[in-house]
Every structure is written in structure tokens, then in C-alpha cells.
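So the structure is just underneath, and the comments pick up after that.
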DNA sequence: GAGGATAGGTGTACGGCGTATACTTGTCAA
DNA sequence: TTGACAAGTATACGCCGTACACCTATCCTC
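Protein chains in written order, with this note's numbering: chain Y, 909 to 1140; chain W, 909 to 1140.
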């Protein structure tokens, strides 16, 4: 009956598994940045000794790879029936959404040098979309390089400043910089005025991402059509 | 005379300085990757105790920032008298050369969230070049986002695999992947055949960088001219 | 059932890291 | 001569990843 519980698995702390480890690592990183996903902290969160993780994950790098896979798995599959351009565009925007949910992920991807099978599958599908859209092998290759990390939904900005600075403090900072960096200051003023307030929220990152993506897709389309030479 | 040396500075080990610290850190990182530039290893290389560095550098992050500044300082100044497009292009290619000399630098730049004054100066000058070339404030802003990290001379590829794999081993690896990733495999074959051998050196990174850069500059130029509406 | 292989979790320990704190020592101005 | 100040040192702390040896439950085979 209910009093005899020890025959199940001694009040059964849910057993460890690779999946459970990766999921808690992702949650920890979401909440406290990538350094919150240390082996020790993940183990602590799971109520387990650090070395226990090593029965399910070879080492820290494999943990990071697994965490990336969790994120990549959140990217929507390609929508069937679309032309290459909207199809690629939709997929990349979906990737971006996944990355926005897990801000640590882009850095981790850059840190790792070998793509995981999950990432390769994603890339393969993306390349397939271009080929199906009529891209030559050569242009497909260039396209992959042109897109670079944007294929995974992120651009590396120099200014990806996620620190929570109060907007007026930011404005004061920029004002102090006016003399040393006149062109940046001018740009800052212009961006601020655009959205009505003197000290607006700055750039609309989503818009800028789509702008850059569109510019690249347009450029690639032009090259594709230019080299088509009468075929259909 | 030469026998009395102790009045100089006791056989004068050259004194520490911020500059000397940054330079040796850069050299160490060039030779052994960024993890070779730990506070302790830099100190060891300088024949000094780790804590000695802290008299010249506030902490590790400031060391990294300083190392970036060393790299950015290697970027050639803008060539005067050029139109915006070749001028921007030349500057970015120069930045790329600096980054190729210091392969750790792009990762470190991505890791740091706040740009240093040296980086800001570089950005300011780049923005100034666009403005001088007739870019509207708005388009300049977009251009900065479009270029992203390419302005600093690097693209984040997903495949920036610097490991030294023998080419035939790489070919075997790709062959093994043929079934799981048919599109990637097809692309690999195509790239390999392009340069004559079955297992060529793969992509010409310099060409791909310039291709992507050109595509972006062309796209930006088109937008600039399109919105000019008769001026000049 | 008995025995033993196997997988999953533990305990301890090591070497590396960044850096706080307190100290010595060498230099130079007053 | 003194004594302030800057430069370098010594020690120690807490964090990290992880090697290695150990225990223990489970289950398969005889």
C-alpha cells in the first residue's frame, strides 16, 4: 500500500539522464548566463554529486554541444510549398527566435569549433532549400558564406550590449562621447530621434536583423537570376 | 664602470608596464591560443609573480580589452582620397589581415560586451567614411548593422574549423556523412572539384570574405543611389 | 535462488584559474 | 633622515573541470 514505498526505488528521485541534464543546464543558463551552467551547479540543481554527470555526458564540451542541440531543436522545420526566398527567410527568423529565448547560445556556438549532428542536419536542410530554389552549386556555396552565422539566427554585433543601463544614463554617456566620437554621436542622436523621444530604446534589433537578411537575400537572388541565362 | 651594475636596478630586469604585459599576452595567445594568456602564464613569461600584473591591469577583462586594442591598433588608417566604397573595403580588408595574424582576437571581441575606446575610435572613423560618402543617417545606421562583425574583419562562420585534419581524412569523413547530410556532401564534392583535386583545400576563405563583403557593399550602394532622387 | 557482470551514483583529490589581502622593498622628495 | 608612495611578493580562498577508486542496486545466467 501507500506505506510501502521502498520497493519502487526508495522514494524515487527521478533518475538522471542525458536529457534531464541538458534541460536543467539550459534552464540554468537561461536564468543566470552560461557560467551558471557549470558541471557543479548543474549537479547541485539535480541533487547529485558533480561526477554523476559524467556517466551521461563525456565532458563539459559535450554538455555545451548538447545544450546547443536543445536550442537548435526548437527551430521550426521548413514550411513546405514556399519559394526558396520566403522559405529560407522564415527558417532563419525562426532560428532567431530560438536564439532570443536562449541568449547564451550564440556565444556557445561560436566557442565550439565542430558542429554537432543536429547543427549539420539544420545546415543540410538549409542548403537543400537553396538548391531546390534553383541555386547553382557555386552560388549555394557562396550563399552559405555570405549568411555565415546569420543562418543560425544571429549576427555578431560589436555593440550587443545587454547590460541594463537606464536610458538617460546612456544618453549622458553618449553626450560625454560626443567630442571623441562625433560620428557615433551623430548616429546615436539620429536613432534616438527616430522613435520620438530624445532617449529612445535605441535600435530595433528585429528590424535591423530583417533588414540585413533582406539585403543578403536580395543580393543572392540578383546573382542567381543574373546567371540563369534564359533557363525558364 | 661595468662592474658596478647594482646602482642601475640590480642587473635591471626590465620593469613591468601595461604595454609589456599586453604585448606578451598577445604573443602567448598567438602561439598557444587564448588560454595561453592566463594571468599566471603571462606573469610566468615575464618572470614575475601573478599578482604583480594587477598593479598595471585591473583584472582579466581589462587584460583582454587591452589585447584587443593591440590588434585594432594594427588596422591601417583610412586611405585618403578614395570614394567611400573602396575606402571602406580597404579598411575592412586591413582589419581582416590583423585578425588573421591573431586568430584568438575575434572570439575575444565577441566575448567582451563593451567596446573599448580604441574600438569606438575605429567605429567612429568607419561611420564617418560612410557619411562622407553620402550615406543618409538612416542608411548609415542600417549599414552598421548589416556589416556587423564584418566591420571588424571577421565573419562568424559555423564551420570555422581550424583543426589540422589531413585532407584525405576529411574526405573520408565527408563520405561517411553522405547519407545523413546529402546536401552538404554534394556541396563538399563541388567545392573539392573546383580546385582540380578530389580533396582540395576546401574554401578559399579570402575569396569568400570578399565575395560577401562585395555583396553587402553593392546592396548598400544600390539603396543609397535609389534614395538619392536626383541629387548630383 | 546464487553469483557475477554492469550501470549509475559517490567521495576524494589534483591542478588550474582569477584575485583579495597583507607584506616587503626600492625610489625619490622634503 | 625620513617617510610616502609605487612596484613586486607571499599566501590563501573559492571556483572550475575531471581522474580515479569505490560502493550499490539491478538484472541476466546457471
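Note that the Cβ used here is the ideal one computed from N, Cα and C, for glycine as well.
Among the options, the one whose alpha carbon lies nearest that of residue i
i	options	result
residue 992/W	1053/W, 1048/W, 1110/W, 1090/W	1048/W
residue 1058/W	1125/W, 1076/W, 1100/W	1125/W
residue 999/Y	1042/Y, 1118/Y, 954/Y, 1123/Y	1118/Y
residue 996/Y	1077/Y, 1075/Y, 1051/Y	1051/Y
residue 1039/W	1004/W, 1128/W, 1074/W, 931/W	1128/W
residue 1004/Y	1018/Y, 982/Y, 994/Y, 990/Y	982/Y
residue 1132/W	1123/Y, 989/Y, 1091/Y	1123/Y
residue 926/Y	1075/Y, 954/Y, 1102/Y	954/Y
residue 957/Y	939/Y, 1112/Y, 1044/Y, 929/Y	929/Y
residue 1091/Y	1111/W, 1086/W, 1019/W, 1046/W	1046/W
residue 1041/Y	974/Y, 994/Y, 968/Y, 941/Y	994/Y
residue 1135/Y	1065/Y, 1017/Y, 1044/Y, 1075/Y	1044/Y
residue 941/W	1102/W, 1012/W, 977/W, 1084/W	1012/W
residue 1016/W	1094/W, 1080/W, 968/W	968/W
Which of helix, strand or coil DSSP assigns to residue i
i	result
residue 981/W	coil
residue 1011/Y	coil
residue 1127/Y	helix
residue 965/Y	coil
residue 1119/Y	helix
residue 1089/W	coil
residue 927/Y	helix
residue 1107/Y	Any answer about residue 1107/Y is weak, because its pLDDT of 49 lies below 50 and its placement is not dependable; what the coordinates show is given next. It is coil, neither helix nor strand.
residue 950/Y	helix
residue 1020/W	coil
residue 934/W	helix
residue 1046/Y	helix
residue 1026/W	helix
residue 1036/W	helix
residue 1064/W	coil
residue 1135/W	coil
residue 1052/Y	helix
residue 991/W	coil
residue 922/Y	coil
residue 957/Y	coil
residue 1094/W	helix
residue 1076/Y	helix
residue 941/Y	coil
residue 1041/W	coil
residue 1112/W	coil
Beta-carbon proximity of residue i to residue j, cut-off 9 Å
i	j	result
residue 964/W	residue 1007/W	no
residue 985/Y	residue 1037/Y	no
residue 1029/Y	residue 1089/W	yes
residue 950/W	residue 966/W	no
residue 952/Y	residue 945/Y	no
residue 1082/Y	residue 1062/Y	no
residue 1014/W	residue 1055/W	no
residue 1034/W	residue 1023/W	no
residue 1120/W	residue 1053/Y	yes
residue 1010/W	residue 938/W	yes
residue 1100/W	residue 1110/W	yes
residue 1064/W	residue 1018/Y	yes
residue 1020/Y	residue 972/Y	yes
residue 978/Y	residue 931/Y	yes
### Task
Determine which residues of the segment 1080 to 1098 of chain W have a Cβ less than 8 Å from any Cβ of chain Y, and write them out in chain order.
Using a CB distance below 8 Å, the part of the segment 1080 to 1098 of chain W facing chain Y consists of 1085, 1088, 1089, 1090, 1091, 1092, 1094, 1095, 1098, ordered along the chain.
### Message
Under 7 Å, CB to CB, which of the residues in the segment 974 to 997 of chain Y have a partner in chain W?
### Response
Across the segment 974 to 997 of chain Y, no CB contact with chain W closer than 7 Å is found for any residue.
### Query
Between the segment 1007 to 1026 of chain Y and chain W, which residues of the former have a C-beta closer than 8 Å to a C-beta of the latter?
Closer than 8 Å at the C-beta level to chain W, one finds these residues of the segment 1007 to 1026 of chain Y: 1015, 1017, 1018, 1019, 1021, 1022, 1023, 1025.
#### Entry: Cβ-based contacts, 8 Å cut-off: residues of the segment 1122 to 1135 of chain W near chain Y
Under the 8 Å Cβ criterion, the segment 1122 to 1135 of chain W contributes 1123, 1124, 1126, 1127, 1128, 1131.
### Query
In chain order, what residues of the segment 1050 to 1064 of chain W put their CB closer than 9 Å to some CB of chain Y?
Listed by position, the residues of the segment 1050 to 1064 of chain W near chain Y (Cβ gap below 9 Å) are 1050, 1052, 1053, 1054, 1055, 1056, 1057, 1058, 1059, 1060, 1062, 1063, 1064.
### Message
Give me the subset of the segment 925 to 958 of chain Y whose CB atoms are less than 9 Å from a CB atom of chain W, sorted by chain position.
### Response
Those residues of the segment 925 to 958 of chain Y that come within reach of chain W (Cβ to Cβ, closer than 9 Å) do not exist; the list is empty.
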